[in-house]
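Quick notes on the structure that follows.
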Amino acid sequence: MPKSIELSSQGPVLMLTGYLVMHLLNRFLTTQVCDKPTTADYAIGLVTMLGIGFHSLIDGVMYSITFTVSFFTGALSAIGMVLHEFPEGIITYVLLLKSGFSDKRAFWLAFGAAAATTPIGTLSSYWWITSAGKPLVGNLLALSAGALFYVGATHLLPMAEREPRKLSLIALGAGVATALGITLSMR
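Using our numbering, read the sequence shown as starting at 18 and increasing by one per residue.
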């Protein structure tokens, strides 16, 4: 977030745009696919797989963006993204199983959606991201930050609220300390 604002004067607006686009996509998919009674079970697994696949593809593009800012920014982003890819794969696998897919097919679909699409996103975008000017990189970084804010605010934070209070507060404190450390190290 701080680097995107430094690189682009449109950073705050684009962060909000990234957040709202993710929100609208989520609402559209929920109302048009997941809430239909005849396809609800099948759709939950399939939409999750497609959503995770698209999300992981965008993660790969974000790797390209963050590594063009600096190696340190890229490494921090990569650590965070890798830590969330594994649980995404497990969740996708379980939802595909519950949707009626076989064990083997659910595994390969989840693997493809959560693991294979990230390197594809990185490799397919790195050549044009590295040749882009700083304002474009800042704009893309801001859009990525907005999308990640959406994921954190609407998916991760509510899940953290369900955890025992003591663990939830410790995790929140660790997250805030990490964010402050990253922000202060970039100055």
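Beta carbons: idealized from backbone N, C-alpha and C, even for Gly.
- Separation of the CB atoms of A133 and M66 is rounded to 12 Å, and the pair is thereby denied contact status at 8 Å.
- Excluding sequence positions up to five before and after I146, its CB lies within less than 8 Å of the CB of V78, S81, I82, T85, V154, L157, all in the same chain and listed in chain order.
- Apart from the 5 residues on each side of it in sequence, V111 has no Cβ closer than 6 Å to any other Cβ in its chain.
- The three-state secondary structure of G150, taken from DSSP, is coil.
- Secondary structure note for G190: its alpha helix (DSSP H) is the uninterrupted segment 182 to 202.
- Going by C-alpha positions, M18 is about 38 Å away from R122.
- Fewer than three beta-carbon pairs drawn from the region 33 to 40 and the region 83 to 102 are found closer than 8 Å, and the two stretches are therefore not classed as touching.
- The Cβ-Cβ distance between T135 and S73 falls below 7 Å.
- By a beta-carbon distance limit of 8 Å, I75 contacts G138. Their separation comes to about 6 Å.
- Annotation: L197 to S87 spans about 18 Å, alpha carbon to alpha carbon.
- Rounded to the nearest whole angstrom, the C-alpha separation of T200 and R44 is 32 Å.
- Shown here for G62: same chain residues with a beta carbon closer than 6 Å to its own, the five before and five after excluded, namely L112, L113, S116 in chain order.
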